[in-house]
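J.:
Residue numbers (this note's numbering): 1 to 92.
Below you can see the structure in the form of structure tokens.
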């Protein structure tokens, strides 16, 4: 599990083989890795929402690869316009 502190008073942590309950905001749900032979942490996703709005692309389920080693978000080309509109915001 990875916890990234939001300010200097919070210490970031990586926990191997478990998680630190003090950092959990809700109950954890475990999900099996889909086709682990591919070598990715790929999960089947039942639905997805951004800011409370359900993402149409994933309405009937989709898959996602989790990678804590990147700050990139990759989505299928067909889903990009919807994600772009849901995630964009005005600069401060």
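The C-beta atom is built at its ideal place from N, Cα and C for all residues, glycine as well.
Is residue 64 helix, strand or coil by DSSP?
T.: DSSP places residue 64 in strand when its eight states are reduced to three.
J.: Within the continuous alpha helix (DSSP H) that includes residue 44, where are the two ends?
T.: Run containing residue 44: none in the alpha helix (DSSP H); it sits in the beta strand (DSSP E), 42-45.
J.: Please name the residue in 9, 75, 6 and 12 whose C-alpha comes closest to that of residue 63.
T.: Nearest option by C-alpha distance: 75.
J.: Could you tell me the alpha carbon to alpha carbon distance between residue 92 and residue 49, rounded to whole angstroms?
T.: Using only the alpha carbons, I get a separation of about 24 Å.
J.: Beta-carbon within less than 8 Å of residue 17's beta-carbon, same chain only, minus the 5 sequence neighbours each way: which residues are those?
T.: No residues qualify anywhere along the chain.
J.: What separation, rounded to the nearest whole angstrom, lies between the Cα atoms of residue 83 and residue 55?
T.: Answer to the nearest angstrom: the Cα atoms are 8 Å apart.
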